[in-house]
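The structure appears right after this line, and notes come after that.
So this is what it looks like as structure tokens:
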């Protein structure tokens, strides 16, 4: 049996929805966004600490919405 209670990447989980909402907003008018910009927007949106930690752990560079979502456990990718 697999325990997914701590897995924020499960579609429909509150953390996943907050992440999806953030990425949707960040990538609204842009194809690629720097990791630092994603993190700044996450802080401004007051995302939970576990999501901030995941975003902060992304290597520096530019990401598409699909790449960011896949790496962070969102459901947009």
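In the working numbering, the protein residues as written are 132 to 208. Glycine included, every Cβ here is placed at the ideal spot set by N, Cα and C.
Should residue i go down as buried or exposed, given a rule of 16 or more other Cβ atoms within 10 Å for buried?
i           : result
residue 171 : exposed
residue 163 : exposed
Between residue i and residue j, which are expected to be in contact by the criterion C-beta below 8 angstroms, what is the C-beta distance as a whole number of angstroms?
i           : j           : result
residue 204 : residue 150 : 7 angstroms
residue 183 : residue 173 : 6 angstroms
residue 161 : residue 191 : Between residue 191 and residue 161 the Cβ distance is about 17 angstroms, and since that is not below 8 angstroms, they are no contact.
Quick check: the Cα distance between residue i and residue j, rounded to an integer number of angstroms?
i           : j           : result
residue 206 : residue 200 : 6 angstroms
residue 178 : residue 159 : 18 angstroms
Can you give me the Cβ contacts of residue i inside the same chain, cut-off strictly under 6 angstroms, excluding the 5 residues immediately before and after it?
i           : result
residue 176 : 153
Excluding sequence positions up to five away, which residues of its chain have a Cβ less than 8 angstroms from the Cβ of residue i?
i           : result
residue 169 : 153, 154, 157, 186, 189, 194 and 199
Between which residues of its own chain and residue i is the CB-CB distance below 7 angstroms, once the five residues before and five after are set aside?
i           : result
residue 202 : 189
residue 137 : Confidence at residue 137 is low in this model, with a pLDDT of 40, below 50, so the placement of that residue should be treated as unreliable; the coordinate-derived value is given next. Taken in chain order, the list of residues that qualify is empty.
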